[in-house]
Amino acid sequence: MKQGELFKKLRKERNFSQKSLTQGLSSRSTLSSFENRNTHLSSDLLFNYLDRLNITPNEFQFLLNDGRSTRKQKYSIEYHSRHYEQTLTSDFLELLQMEYKQTNDVFYLLLYLQGYLENARQVGDFDSVLFNEHAKTVQDYLFHIETWGKFEFSFFINLLFIFDEALLQLHINPILNKIMAHSDDYLYSNVISVALLNGCHYAVIKRNPSLLEQFLQTLITLPDTPHYFYLKSHQTFYHMIHTYFLTKQLDMKKMNQALDIFKQVGYDTHEKRLRSLLNKTITPS
Numbered sequence: 241m242k243q244g245e246l247f248k249k250l251r252k253e254r255n256f257s258q259k260s261l262t263q264g265l266s267s268r269s270t271l272s273s274f275e276n277r278n279t280h281l282s283s284d285l286l287f288n289y290l291d292r293l294n295i296t297p298n299e300f301q302f303l304l305n306d307g308r309s310t311r312k313q314k315y316s317i318e319y320h321s322r323h324y325e326q327t328l329t330s331d332f333l334e335l336l337q338m339e340y341k342q343t344n345d346v347f348y349l350l351l352y353l354q355g356y357l358e359n360a361r362q363v364g365d366f367d368s369v370l371f372n373e374h375a376k377t378v379q380d381y382l383f384h385i386e387t388w389g390k391f392e393f394s395f396f397i398n399l400l401f402i403f404d405e406a407l408l409q410l411h412i413n414p415i416l417n418k419i420m421a422h423s424d425d426y427l428y429s430n431v432i433s434v435a436l437l438n439g440c441h442y443a444v445i446k447r448n449p450s451l452l453e454q455f456l457q458t459l460i461t462l463p464d465t466p467h468y469f470y471l472k473s474h475q476t477f478y479h480m481i482h483t484y485f486l487t488k489q490l491d492m493k494k495m496n497q498a499l500d501i502f503k504q505v506g507y508d509t510h511e512k513r514l515r516s517l518l519n520k521t522i523t524p525s
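Numbered as in the working numbering, the sequence shown ends at 525 without a single skipped number.
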């Protein structure tokens, strides 16, 4: 189905005439040409039309594809499936390289780099020349872009381990500002939650209370909405670890209560992982 054909269908289903939809936006003939002859519209005008129909651009794109995943989405889905199953094979990574060479689309390059770096981490290969070259490519890409979208957020979230503490500390404020710019958009709430939780986890592993505090402060300032409930359920846990770093004191009764929350809602495995992190943290290194 073409854009104009789909748009006409959506408009009629919502009982908008061409005249009522275009009022204050454009001429009726502009919309008529788009619907019937599939002429091009500016993105601003199309977005305004969709907004009047209460349809988001993402929803329109999804409907335009008949609910099918795009080529990039298919690769992304397969990548994450392989990641969790630990089957990021060299053949699959070579396929991503081939897609990049054919399309010159940085999406495939960065997905390949992420796969390579993830595999290297699994075997503890942090010092090879290739690892450092690939890590620098990702870092340069992220730090070159001022306005991050979900694409950049995702790579930052998944590749925190390629940043040393000094580098991350240097860039953390602008990174957190990028995160907070989307804090009121529920479509970003999962990405933001994972970013802050990974950041807190990273800071604890590095035993860096200053870095942990920066992630915690950002977490605290997020709105108290259902979208951030899971994220904020970790607030007491990480706050108590931060206090432990500074004082070497830990209220285990309160900590157990904080961890029991996860078991009560069925996140037993996650509770065990947090408790393991806690035990490693309070055990002298």
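Heads up, the beta-carbon is just placed ideally off N, CA and C, and yes, glycines get one too.
Pairwise C-beta distances place the segment 287-294 out of contact with the segment 333-340, as fewer than three of them are shorter than 8 Å. With a cutoff of 9 Å on beta-carbon distance, LEU518 and ILE481 are scored as near each other. The continuous alpha helix (DSSP H) containing ILE445 extends over residues 429-445. If you draw a straight line from the Cα of ILE419 to the Cα of SER273, it comes to about 40 Å. In the three-state DSSP reduction, ASN255 falls in the coil class, being neither helix nor strand. For ARG308, there is no enclosing alpha helix (DSSP H), as DSSP marks it with neither H nor E. In terms of CA proximity to ARG513, HIS441 leads the group LEU471, LEU370, HIS441 and TYR324.
Between the beta-carbon of ILE415 and that of LEU357 there is about 18 Å, and that puts the pair past the 8 Å contact cut. If you ignore the 5 residues before and after LEU400, its C-beta comes within less than 6 Å of the C-beta of ASN438 and TYR442, all in its own chain and listed in chain order. Leaving aside the five residues that flank ALA375 on each side, the residues in its chain whose CB is nearer than 6 Å to its CB run, in chain order, ILE402. In the three-state DSSP reduction, SER368 falls in the coil class, being neither helix nor strand. Measuring C-alpha to C-alpha distances from ASP367 to each of ASP404, ASN344 and THR523 identifies ASP404 as the nearest. Residues of the same chain with a CB within less than 8 Å of the CB of LEU304, apart from the 5 flanking positions on each side, are MET241, GLN243 and LEU246 in chain order.
Annotation: SER330 to ILE317 spans about 17 Å, alpha carbon to alpha carbon. Under a 10 Å Cβ-count criterion, GLY355 is classified as buried, with 16 or more other Cβ atoms of the shown protein chains found around its own Cβ. Secondary structure of ASN519 (DSSP, three-state): helix.
In this structure, the straight-line span from the alpha carbon of GLN497 to that of VAL378 is close to 40 Å.
The alpha-carbon separation between PHE396 and SER267 amounts to approximately 44 Å. With respect to the C-alpha of GLU275, the residue from LEU382, ARG292 and LYS249 having the closest C-alpha is LYS249. It is roughly 29 Å from the alpha-carbon of THR483 to the alpha-carbon of TYR428. MET495 counts as buried, since no fewer than 16 other beta carbons sit within 10 angstroms of its beta carbon. Annotation: the continuous alpha helix (DSSP H) that includes PRO297 extends over 297-304. For GLN362, the three-state secondary structure derived from DSSP is helix.
Rounded to whole angstroms, ASP508 and ASP425 show a C-alpha spacing of 29 Å. Around the beta carbon of GLU511, 16 or more other beta carbons lie within 10 angstroms, which makes this residue buried. Of the residues SER283, LEU407, GLY307 and SER309, the one whose Cα lies closest to the Cα of PRO297 is SER283.
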